[in-house]
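2 protein chains.
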Amino acid sequence: MSLAQLEYFVAVAEEEHVGRAALRLHISQPPLSRHIRRLEEELGAPLFERTPRGMRLLPTGERFLTHARRVLAAVDEARRCLEPEPPPDAPSAT
Amino acid sequence: MSLAQLEYFVAVAEEEHVGRAALRLHISQPPLSRHIRRLEEELGAPLFERTPRGMRLLPTGERFLTHARRVLAAVDEARRCLEPEPPPDAPSAT
DNA sequence: GCGATCCCATACCGTTTCGGTATGGGGCGG
DNA sequence: CCGCCCCATACCGAAACGGTATGGGATCGC
Numbered sequence: 001m002s003l004a005q006l007e008y009f010v011a012v013a014e015e016e017h018v019g020r021a022a023l024r025l026h027i028s029q030p031p032l033s034r035h036i037r038r039l040e041e042e043l044g045a046p047l048f049e050r051t052p053r054g055m056r057l058l059p060t061g062e063r064f065l066t067h068a069r070r071v072l073a074a075v076d077e078a079r080r081c082l083e084p085e086p087p088p089d090a091p092s093a094t
Numbered sequence: 095m096s097l098a099q100l101e102y103f104v105a106v107a108e109e110e111h112v113g114r115a116a117l118r119l120h121i122s123q124p125p126l127s128r129h130i131r132r133l134e135e136e137l138g139a140p141l142f143e144r145t146p147r148g149m150r151l152l153p154t155g156e157r158f159l160t161h162a163r164r165v166l167a168a169v170d171e172a173r174r175c176l177e178p179e180p181p182p183d184a185p186s187a188t
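For the record, the sequence lines run as chains A and B.
First residue of the first sequence? That's 1 in our numbering, and the numbers climb one at a time after it.
First residue of the second sequence? That's 95 in our numbering, and the numbers climb one at a time after it.
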């Protein structure tokens, strides 16, 4: 499991469509399909139901989505905690 | 930034020693040094102080360590949320 | 029913990343 | 001065990634 795979999974879950998710992620569709499939294999459980109209989250996928977002949020916080502090004379309120 | 890098960072931070951390992670020392350095480059800030005895966390590294552990914990939870439930007749107490 | 269309999945290829071995450079202790 | 213990760099083969081309299945219009 990689952070990229989690981002990919979230995008597909939200779009319910591999093609649109690929556009949003700026990669092409086949690698994205592969990542999703490999993630499912690694987790040992399918996350999506493949329908003629696209992808729909299974209950397992719904649960995983919550945790995936939590991971990505934690990564964002980790990045932010290192950002240089804004200048003392904050332009926001003063 | 990758999950592997976060694991590597935590191990080096805990061991304060690249060589021991490498043993613990079952990889060799040079790739581990590279990962740490590349993580620092990506974050734009050094995380460790290099001493003749090993590596010591800088204040920035201490802050980042907290967040790195949070990310890895969230990943663990994500994995766990998919595990098959234990059988109803729990063997723990019977 | 047939062809066009829209999905996702697979095959193949070039590039990049990763991990391992060998080696360099610097500080500390005998 | 010499050996030892650190981390850093150089180089190489293996694995993973992303892109293009293509296949297989289902739906819609005719």
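We put the CB at the ideal spot given by N, CA and C, even for glycine.
Just so we're clear, the structure is a prediction, and the values are computed from it rather than from any experiment.
In angstroms with no decimal places, state the Cα-to-Cα distance between residue i and residue j.
i	j	result
G113 (chain B)	Q123 (chain B)	5 Å
L105 (chain A)	R69 (chain A)	Within the shown structure, residues of chain A are numbered from 1 to 94, placing residue 105 (chain A) beyond reach of any answer.
E42 (chain A)	G138 (chain B)	33 Å
P84 (chain A)	A13 (chain A)	34 Å
A4 (chain A)	P182 (chain B)	36 Å
E143 (chain B)	P153 (chain B)	10 Å
P46 (chain A)	S2 (chain A)	17 Å
F9 (chain A)	R37 (chain A)	10 Å
D76 (chain A)	R150 (chain B)	24 Å
R157 (chain B)	L23 (chain A)	35 Å
L65 (chain A)	P86 (chain A)	33 Å
C81 (chain A)	P52 (chain A)	44 Å
E40 (chain A)	A21 (chain A)	17 Å
R79 (chain A)	R173 (chain B)	23 Å
Determine the extent of the alpha helix (DSSP H) in which residue i is found, giving its start and end residues.
i	result
E16 (chain A)	Per DSSP, E16 (chain A) belongs to no alpha helix (DSSP H) and is neither H nor E.
L58 (chain A)	Note, L58 (chain A): premise wrong, no alpha helix (DSSP H); not H, not E.
P31 (chain A)	29 to 43
Could you tell me which residues DSSP pairs with residue i in its beta bridges?
i	result
E143 (chain B)	B:R150
Would you call the CB atoms of residue i and residue j closer than 8 Å?
i	j	result
L166 (chain B)	E109 (chain B)	no
G54 (chain A)	H26 (chain A)	no
H161 (chain B)	A74 (chain A)	yes
Apply the 10 Å Cβ neighbour rule to residue i and answer buried if 16 or more other Cβ atoms are within range, or exposed otherwise.
i	result
G61 (chain A)	buried
A105 (chain B)	buried
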